[in-house]
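Asks: Protein chains in written order, with my numbering: chain A, 1 to 328; chain B, 1001 to 1328.
We put the CB at the ideal spot given by N, CA and C, even for glycine.
Since the structure is predicted, the reported quantities are computational estimates derived from the model, not experimental observations.
There are 2 protein chains.
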Amino acid sequence: MSIRVGILGYGNLGKGVELALRDNWDMQLKAIFTRRNPENIKIKTKNVPVVNVSEIEKWKDKIDVLILCGGSATDLPKQTAEYVKYFNVIDSFDTHAHIPQHFNHVNEVAKENGHTAIISVGWDPGLFSLSRLYGRCILPEGKDYTFWGKGVSQGHSDAIRRIKGVKDAKQYTIPVKEALEIARRGSQEELTTRQKHTRECFVVAEEGADLARIEKEIKTMPNYFDEYDTTVHFISEEELIKNHSELPHGGFVIRTGQTGESGEHKQVVEYNVKLDSNPEFTAQVLAAYARACVRMYKDNEYGCKTVFDIPPAYLSQLGGAELRKTIL
Amino acid sequence: MSIRVGILGYGNLGKGVELALRDNWDMQLKAIFTRRNPENIKIKTKNVPVVNVSEIEKWKDKIDVLILCGGSATDLPKQTAEYVKYFNVIDSFDTHAHIPQHFNHVNEVAKENGHTAIISVGWDPGLFSLSRLYGRCILPEGKDYTFWGKGVSQGHSDAIRRIKGVKDAKQYTIPVKEALEIARRGSQEELTTRQKHTRECFVVAEEGADLARIEKEIKTMPNYFDEYDTTVHFISEEELIKNHSELPHGGFVIRTGQTGESGEHKQVVEYNVKLDSNPEFTAQVLAAYARACVRMYKDNEYGCKTVFDIPPAYLSQLGGAELRKTIL
Chain A
1 MSIRVGILGY GNLGKGVELA LRDNWDMQLK AIFTRRNPEN IKIKTKNVPV
51 VNVSEIEKWK DKIDVLILCG GSATDLPKQT AEYVKYFNVI DSFDTHAHIP
101 QHFNHVNEVA KENGHTAIIS VGWDPGLFSL SRLYGRCILP EGKDYTFWGK
151 GVSQGHSDAI RRIKGVKDAK QYTIPVKEAL EIARRGSQEE LTTRQKHTRE
201 CFVVAEEGAD LARIEKEIKT MPNYFDEYDT TVHFISEEEL IKNHSELPHG
251 GFVIRTGQTG ESGEHKQVVE YNVKLDSNPE FTAQVLAAYA RACVRMYKDN
301 EYGCKTVFDI PPAYLSQLGG AELRKTIL
Chain B
1001 MSIRVGILGY GNLGKGVELA LRDNWDMQLK AIFTRRNPEN IKIKTKNVPV
1051 VNVSEIEKWK DKIDVLILCG GSATDLPKQT AEYVKYFNVI DSFDTHAHIP
1101 QHFNHVNEVA KENGHTAIIS VGWDPGLFSL SRLYGRCILP EGKDYTFWGK
1151 GVSQGHSDAI RRIKGVKDAK QYTIPVKEAL EIARRGSQEE LTTRQKHTRE
1201 CFVVAEEGAD LARIEKEIKT MPNYFDEYDT TVHFISEEEL IKNHSELPHG
1251 GFVIRTGQTG ESGEHKQVVE YNVKLDSNPE FTAQVLAAYA RACVRMYKDN
1301 EYGCKTVFDI PPAYLSQLGG AELRKTIL
């Protein structure tokens, strides 16, 4: 019997999950839940209902796992703990600093209700976290570096849009090639924020706006830009739409360590992703871990989990014997 | 209480494990077992006994996990199933085609005796297998490629040494840069054996040997060399010792897939390692999984496991809360 999946939230991520499920023959989309008026939402899958979230409880016994596709700022901190009362759930909560708090909250409610939750699934946190963990355990004497990009940062793009006189903007985070090479070399140097990444901004200004002031406001914005070398390009709205409508991203986790009697052998492990679509890739990761979520639930493994707790085999449709024969 | 570890076999791998344990404060080397006369073996660790393997049964209650450091050709097919009678064990069995058979054999004896075994731990099989698994589950519509090198292949070096007139030899497996680029590009082309790797041989010939014949025998050797573009260099014994005594290796696992409504977004995931010492790196992986082996045993998870069955968190000395806070 196939795994019955619900999606909550139909933005970029929710749409990505809808498509990802098509690539997984053992999963079946049962319903898409939304806070909006369902009549205004047109989805890509035939014969699947769009349901207002107020009615979600009625779906309690019709869904094996609910994939939460809301944002980390305000949606998930409430939604995950709320819906784990009724469902096994999985989310992509990505505010690193608040993960412990989110985990504890979800864990408590999940255990009370005999459900399984997996939080912070995606590529960072998620696959990159796994790379950091494997890297540190295998090369305990060493150092790791995480780089992001080249890719669009939604948070930084939003920050620029809040500046007076800015009509629209896209910000790219770019890893510095020389810094990547230093990391790979294994000399284990410290790299500063400025050394590791640059930021490139494409900005559509309102007519008559003071471009010099906008540029200065961007470059000096605390936390977002002041610690980086930032380039600002003013472009037309047409150019922005034509050349900067996609959401590519990427990144690198590099662990270097040394082994041998006096550390004479350098060992370098690198994991990297290069993504044409950040939300669609995150959606693919969520789909695979949704399968694992249902398996953990069937094993009576209730409570909150992260990618660290999931045996890799649980992500696969294949059984153990098949995996050992074909992939190991 | 620290994990009490035994090592069976004191070749390159066993020596690597001995050193790896120094980097893991929660593990303690209790004894090294050998088929040789213990008096002839000098180890790097003070106050640790070297014991003939005939006495290993006496150590039954003094060791939490035994790390088997023998070879895959003749040692491990017998040893792993034999010693799992008395110990939790872990090995680096790397003959891919025989893994299912080895697994079944070890699994049966491990279950009978209430012990835990993890087989085929290292980087391939091992970390590369994990990358292939994660890659296929996350991008079900796609293709993966595994490349090896640049590095010394012991099997191929041995094969050359068996040729008449050859005194010594080292063979490097080298991934072809253009093929790597094709794999990364995501066009999902098939790559032939010849396209993916070349082989470079450094050969010390006996005095007066027929070099042309040796070169021809190498290049036409079935399975080992005939499907590859192979280069043969004849060098002096001094040169071989000076320039080719190390055991570097490396490799790449590349998974590319497409997402979106009509596959319009390419997604590329790559894992690669660059190792100054192949056996020392494999030893590091074994040490981390030895920790996981003991944890699985304490969870009453008896029988044979592979890297696919181990929750990543089990490799770490840190608890769940600490991992979520610092690495996730």
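(1) Give the residues from the segment 43-54 of chain A that approach chain B closer than 8 Å (Cβ to any Cβ), ordered along the chain.
(2) Using the beta-carbon of each residue, which ones in chain B are nearer than 8 Å to residue 295 of chain A?
(3) Can you tell me where the alpha helix (DSSP H) holding residue 63 of chain A begins and where it ends?
(4) Bridge partners for residue 3 of chain A per DSSP, in chain order?
(5) Can you find a C-beta in chain A that's less than 9 Å from the C-beta of residue 1125 of chain B?
(6) What does a CB cutoff of less than 6 Å around residue 1029 of chain B pick up in its chain, not counting 5 residues either side in sequence?
(7) Going by other Cβ atoms of all chains shown within 10 Å of its Cβ, with 16 needed for buried, is residue 1127 of chain B buried or exposed?
(8) Alpha carbon to alpha carbon, how far is residue 18 of chain A from residue 249 of chain A? Give it in angstroms, no decimals.
(9) Run through the segment 1103-1146 of chain B for me and flag every whole beta strand (DSSP E) of 3 or more residues, listed as ranges in chain order.
(10) Return yes when the Cβ of residue 1065 of chain B is within less than 9 Å of the Cβ of residue 1089 of chain B, no when it is not.
(11) Kindly say whether residue 77 of chain A, judged by its beta-carbon, lies nearer than 9 Å to any beta-carbon of chain B.
(12) Could you tell me whether any Cβ in chain A is nearer than 9 Å to the Cβ of residue 1241 of chain B?
(13) What does residue 1260 of chain B touch in chain A if you count any residue whose Cβ is under 7 Å from its own?
(14) Could you name the residues of chain B that residue 24 of chain A contacts, counting a contact when the two beta carbons are closer than 7 Å?
(15) Does chain A have any CB closer than 9 Å to the CB of residue 1308 of chain B?
(16) Below 9 Å between beta carbons is the criterion; list the residues of the segment 180-209 of chain A that meet it against any residue of chain B, in chain order.
(17) Just how far apart, CA to CA, sit residue 1097 of chain B and residue 1213 of chain B?
(18) Return no unless some Cβ of chain B is closer than 9 Å to the Cβ of residue 131 of chain A.
(19) Which residues in chain B sit within 7 Å of residue 137 of chain A, going by Cβ to Cβ distance?
(20) Is the segment 222-238 of chain A touching the segment 202-212 of chain A, taking contact as three or more C-beta pairs under 8 Å?
(21) Helix, strand or coil for residue 1233 of chain B? Go by DSSP, reduced to three states.
(22) At 9 Å on the CB atoms, spell out the chain A contacts of residue 1150 of chain B, in chain order.
(23) What does a CB cutoff of less than 6 Å around residue 272 of chain A pick up in its chain, not counting 5 residues either side in sequence?
(24) Under 8 Å, with one C-beta from each stretch per pair, do the segment 209-224 of chain A and the segment 175-189 of chain A reach the 3-pair mark?
(25) Does any C-beta atom of chain A lie closer than 9 Å to the C-beta of residue 1218 of chain B?
(26) Our contact map puts residue 1254 of chain B next to residue 1184 of chain B with C-beta atoms below 8 Å; I'd like the distance itself, whole angstroms only.
(27) Alpha carbons only, please: which of A:43, A:23, A:159, A:3 is nearest the one belonging to residue 62 of chain A?
(28) What in chain A is Cβ-close to residue 1272 of chain B, meaning under 7 Å?
(29) What are the start and end residues of the alpha helix (DSSP H) that includes residue 326 of chain A?
(30) Is the segment 299-313 of chain A touching the segment 111-119 of chain A, taking contact as three or more C-beta pairs under 8 Å?
(31) List the residues of chain B that residue 321 of chain A touches, going by C-beta distances under 7 Å, in chain order.
(32) If you compare alpha carbons, which of B:1175, B:1110, B:1285 is closest to residue 1121 of chain B?
(33) For the segment 1264-1284 of chain B and the segment 1073-1081 of chain B, state whether three or more C-beta atom pairs, one from each stretch, are separated by less than 8 Å.
(34) My guess is that residue 221 of chain A and residue 159 of chain A are in contact by the Cβ rule of under 8 Å, so how many angstroms apart are they, rounded?
(35) Assuming residue 1174 of chain B and residue 1149 of chain B make a contact with CB atoms under 8 Å, what is their CB distance in whole Å?
(36) Any idea if residue 70 of chain A is buried or exposed, counting beta-carbon neighbours within 10 angstroms, 16 or more meaning buried?
Replies: Let me lay it out:
(1) 44
(2) Within chain B, no residue comes near residue 295 of chain A; the closest Cβ sits about 12 Å away, beyond 8 Å.
(3) No alpha helix (DSSP H) contains residue 63 of chain A, which DSSP labels as neither H nor E.
(4) A:27
(5) yes
(6) 1005, 1021, 1045, 1048
(7) buried
(8) 20 Å
(9) 1116-1118
(10) yes
(11) no
(12) no
(13) 19, 277, 280
(14) 1140
(15) yes
(16) 184, 186
(17) 32 Å
(18) yes
(19) 1288, 1315, 1316
(20) yes
(21) strand
(22) Neighbours of residue 1150 of chain B on chain A: none; closest Cβ ~13 Å, over 9 Å.
(23) 252
(24) no
(25) no
(26) 6 Å
(27) A:3
(28) 270
(29) 320-326
(30) yes
(31) 1100
(32) B:1285
(33) no
(34) 6 Å
(35) 5 Å
(36) buried
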